[in-house]
Structure formats: structure tokens, C-alpha cells
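Taken in order, the sequence shown gives residues -17 to -1, 1 to 544; the numbers are from mature numbering (1 follows the signal peptide of the UniProt record, and there is no 0). Virtual Cβ for every residue (Gly too), placed ideally from N, Cα, C. Just so it is clear, the structure is predicted and the values come from calculations on it, not from any experiment. Worksheet: the structure to be examined is printed underneath.
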Amino acid sequence: MRFILSLLFISSFFLNAQNNYPQDYFDSPLEIPLILSGTFAELRSNHFHSGLDIKTQQRTGLKVKASADGFVSRIKVSHYGYGKALYITHPNGYTTVYAHLQKFAPEIQAYIKKHQYEKESYEIELFPNAEVLPVTKNSIIAYSGNSGGSGGPHLHYEIRDKKEHPINPMLFGIDIKDSTNPIIKSIYAYPLDENSFVNKANTKQKLQLIPLKNGDYTIKNIEAYGNIGFGIETIDRQDLAANSNGVYNIQTFLNGRRNFELDFRKFSFSETKHINRLIDYEHYTTKKQRIQKLFKKDNFLSLYKSVVKDGCVSIQDSTYSVYKIRVADYKNNESWVTIHIKGTKDHISEPQKKQSTPYYIKANKATNLKEGHVSVDFYKDTFYDDFYMDFQVKNDTLTLHKNVIAANKTFNITYDVSAYNDEDKSKLYIARLLGRKKQPAYTSTKRKGDLLIAKTKTLGTFTLATDSVKPTITPVNFKKGQWLSKYRYLKIKIEDELSGISKYRATVNGKWILMEYDYKTKILTHDFNDGIITDTKNNLKVIITDNVGNNSTFEALFYRK
């Protein structure tokens, strides 16, 4: 049976793989062997990974090369996200992306800094014309780094089509050594309605996974009845890395016929937020394990292929069924799971009783919840499904269910703070309480008169928090009154423990200077090679403002020849 199913997959794979992606057009962006820390479409928090994360030998400063001829069509420099990123558009219509960079090649760096100084902003986004920054294949465009939301030194590399849809770069011949089969970590079964059961239970069941000598898996036989679905926790590893990466393709077969497929070769950014619909969101938020559901309730994702009856399995009484799952990586290494299902309606448990509250949220309708000085506005289609909401307000603490329901859109939390005196209300912000110790975490808060408004996509517990403490500013590599003639960089540490840093501004002798902010190290850095500071006697002034408006000023005199 496995041989027949393998032939079925391979033949369908090659039919589907008849694409026009050029195989010799794009070269590797690095000069070292390619080893990945992250794969394309890998499951991440609230999104699919849109490229390959290429290891840089735990170093920064490796040469990053243009994969093909083209021109720099977009440059984005930000504190978070991709950090320093370059986008190169190529004559064949594709765009390559290079992110988390340390710095850019000299010509590109000069172009960016010119505009940063003109706008007096480190964070910047530019869209040069084709004639401004042309590049040739294998020319150096940047140096690898760890900027933005990177968890360690690496190069994030993407290939996008004309519609800005990211595509797996391995489809273009970017080769990664991989002869390792995917690993199946766990399998779950889901009764999909109140009349369906698995092993006499109407609740999600973790199935007993049994590894086989040939590398595949089976499951201890189960009894079921009604409409059920399955979920899988699975990872892949490449030959030269121990990272837990995403897989390339998942297919399921019921009694030899394919009834579901997830194909991770391409997606759009507009659909990536629906990852929380693909996974078991409650399981992820409570246990930090990503179970991919092998059934669907809606059609938000283009990753779904060959879906029969939404991937649902209908089990009748007194029947025997064989359900198989095939998990494959890009190199077609595969692992199989076989599940034998006995259909039985006898001696089933009572359906699980659903908890109810006075607040029932209908997904297709707008809802306003209000109690005292707190209100919450859910817009139409904020959530995917209808459910009973736990809504309570006690003093300034808002209980807004638990973070076990995935949201499709942001919603508004509004506090009326008119009862506070003016001095106190200016220091208030909305915070989400996290962890067992209920630590307040700043939630982006806007002020409109006596109203504080926060937008969020996450349920949980919220409160009003106060920040009356000014940010701190500490020189790192110099002292007041010091000669800095031999210094390349000026470094200052800035911190705010409560609401967080909102903005900063640095001047020397009244003239704005560019300072790069690394939020991970909390360091501001100025490069004297910018050539802005030309006087011998220099007055440095740094102003830092936090998210509620507290600000601190640091001033120092230094000298340079």
C-alpha cells in the first residue's frame, strides 16, 4: 500500500512541479555553504516564514551578493522586523530580498544616509528608480548581520514574484543538503461536532504514536464515530543543522484515496495571518506546541490542495478504515503515519458540555461590550467562529476571555479615564498582564481626550498601568569632557522599564546626528565617519521620550581633532 501511495504522490508531485521557475538564474547570496536555521513557510508566531534563514557561522559581516542582475528597488531600515533590508528587482520580474543586514555596500550606504540625514530619521523606507542603484550578479550589496527582530546572526533571503508573493527559493535551484526524513512528534484526533467521538470521548485526543524500524510510524488502533479530523506536530531537519524546521508538503489518504494536502511552496502576505486558523491555536498558546490541523473550516489559505470534504473523515458504525499521513521535505525525504480506525457507536461517552456566559460573540456581526469605564469593540469578522466570551471588569482590570481564540482582525479596548486627575491620567497606558506574576506589558495606546484606546488581536487580561519614571541615558564608551579623536563610534545606552522607548533625538552643536538604535542591546550608536561632526569642541544633547511622554535629556561636552 505504501508503495502504491508513494507512486501516486511522486506522479502528482512531478505533474504539479511543471513550473516555469528558472533553475540557473539566481545564485546563492553568500559565499559559504548554505545551511539553514529556518525554512520557507515554516510556522512562526502569527505568520508563515517568507524565506530561507541562512546561517552565517555565528558571525556578522559576511559578504552578501546580488543573486542576479537588477536594481535596488526598495530599502527599508527599521528597529524591528527585517532591520536593515534590501530589495532587488530583476529583469525576469522576480524580486530578491536580503534582511537583518549589518550594513550596506558603500554606494548604497551613502545613498541611504543622505536620505536619513535629510529626513532626520534612522528608520526610513526608500524606493529608488531603476537608474539609481543598479547591481550586477554576484556584486557585493551588503554585509550580513543581526539587525531588527533577528534572534541571532543570519541572512534572511526571499524570492518574490511580480505580485509580491514569496516563493520557496529552493524551487529556483537554491540547493540545501538534506537526506533526513521529517520527524513526527505527535498526532491528535478531533471530534468535529457534538455527535462525534474518538476513543469514547467527544474531546480532542492525543494518540499513541509508535515508531517503526523503517522510520515510519503507526498509531495504537482507535475507535471512532462520526465526523473527525486529525492534527500533526511535525518538523524537518537538514543534514548539517540541528534546527527544528518546517516541512514542505503534507498529504493524507483515506482508504487509499487522497483527501487533504498542505503544499508550502508559495503564499501571499495577505493570507499569512491565517496561520492561527491552520494550527490548533489554543494548544499553541497553552502548551507552545504547533499542531497543524489536517482539516479546514474555511478557504483562507492557498496552501490547501486536493481537499475532499474539507479533510474531514466520516466514520460509520461497524466499519474499518485506514488513514495515512505523508510528510515530506523539499528533497522528497518522507515519513508516513498509519492509523487504523474501527467505527463503533457502542458505549460512547456523553458529549462534552459547553460552557456559556452572558456574552455570545457572533463572528459575522459587530459587538460592543461595556461595563463601567471600560468598553470593547469587536468589528464584523474579528473572529472566525461564534463563541461565548468571558467578559469582566473589576476596578481597572479587564478580563477578556483567555488567549485561546484566534482573532482575524484587531479590536479596540477603550478606557474612560475622566475620573483621574490630569497629572495622573497623563501617565496612564493600557497594559496586557502576562505570566503567572501578571506583569504589565505595554499595549500601543492612543489618547483621545479622556479616552485611552488600544488596538490588539490578542485576548487576555488587561489593566491600566502608570509610568511616571523617566527613561535613563548612560554613556557607554566615553565620559563627559573626554577627547574622542581616535574613536570611530559614539555609544549611549537608553532604557525604559515600563511603557518603553517611543522616540529619541540626538544633536551635536545643535545639528541632528544619525544614531542607530539596537533595541536588543538598548544601544544608540553614532558613526563619526558620517563626517557631520567637524568641530573640536562639541556639545552632545540626547533626548529620549517613552510611550507616555516622560522624557530625559543627557548633555555632554567632548572634543575631537
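- Relative to K431, the option among S451, D399, D52, I456 whose CA is nearest is D399.
- With a contact defined as Cβ atoms closer than 8 Å, A437 and I413 qualify at about 4 Å.
- Selection L277, A539, Y313 evaluated against I211 yields L277 as nearest (Cα-Cα).
- Take I515, set aside five residues on each side of it, and the residues of its chain with a beta-carbon closer than 6 Å to its own are I496, in chain order.
- If you look at E25, you'll find it isn't in any beta strand (DSSP E); DSSP assigns it neither H nor E.
- Residue burial is scored here from C-beta neighbours: A402 has fewer than 16 other C-beta atoms within 10 angstroms and is therefore classed as exposed.
- Under the DSSP assignment, N259 falls in the alpha helix (DSSP H) whose first and last residues are 258 to 261.
- Straight-line measurement puts the Cα of N530 at about 15 Å from the Cα of Y502.
- Its Cα nearest to that of T43, the residue L13 stands out among L13, N182, N282.
- Linking P152 to L223 through their CA atoms gives a straight-line distance of about 19 Å.
- Leaving aside the five residues that flank G128 on each side, the residues in its chain whose CB is nearer than 8 Å to its CB run, in chain order, T43, G44, G66, K67, H83, L84, Q85, K86, P136.
- Close CB contacts of I218 within its chain, under the 8 Å cut and outside five residues either way in sequence, are with P165, I166, K168, S227, N228, G229, V230 (chain order).
- Within a 10 Å sphere around the beta-carbon of R273 sit 16 or more other beta-carbons, which makes this residue buried.
- Residue state for E254 is assigned as coil, using DSSP reduced to three classes.
- Annotation: the continuous beta strand (DSSP E) that includes I166 extends over 166 to 174.
- Beta-bridge partners of M372 (DSSP): Y342.
- Taking L467 as reference, the option from Q335, L540, A184, A172 with the minimal CA-CA separation is L540.
- Pairing F374 with L383, the inter-Cα distance amounts to about 5 Å.
- For E354, no alpha helix (DSSP H) segment is defined; the enclosing uninterrupted segment is the beta strand (DSSP E) at 350 to 354.
- A Cβ-Cβ contact shorter than 9 Å links L435 with T397.
- When beta bridges are read from the DSSP output, R543 appears opposite no residue.
- By a beta-carbon distance limit of 8 Å, Y81 does not contact D144. Their separation comes to about 17 Å.
- If you draw a straight line from the Cα of Y306 to the Cα of I233, it is about 13 Å long.
- For T39, same chain residues with a beta-carbon under 8 Å away, outside a window of 5 residues either side, are L13, I15, L45, S127, P136, H137, L138 in chain order.
- With fewer than 16 other CB atoms across the displayed protein chains lying within 10 angstroms of its CB, Q335 is exposed.
- Distances from the alpha-carbon of L192 to those of T201, N185, A184 put T201 closest.
- Taking 8 Å as the upper bound for CB-CB distance, E206 and K363 are not in contact here, some 41 Å apart.
- Segment contact: the segment 99 to 114 against the segment 167 to 186, fewer than three CB-CB distances shorter than 8 Å; contact not assigned.
- Annotated as proximal: K292 and N242, with beta-carbon spacing under 9 Å.
- When rounded, the separation of the alpha-carbon atoms in Y267 and N378 is 30 Å.
- Per DSSP, the beta-bridge partners of G128 are H137.
- A distance below 9 Å separates the beta carbons of L416 and T444.
- The shortest C-alpha to C-alpha distance from R419 to any of F250, D246, T269 is the one to T269.
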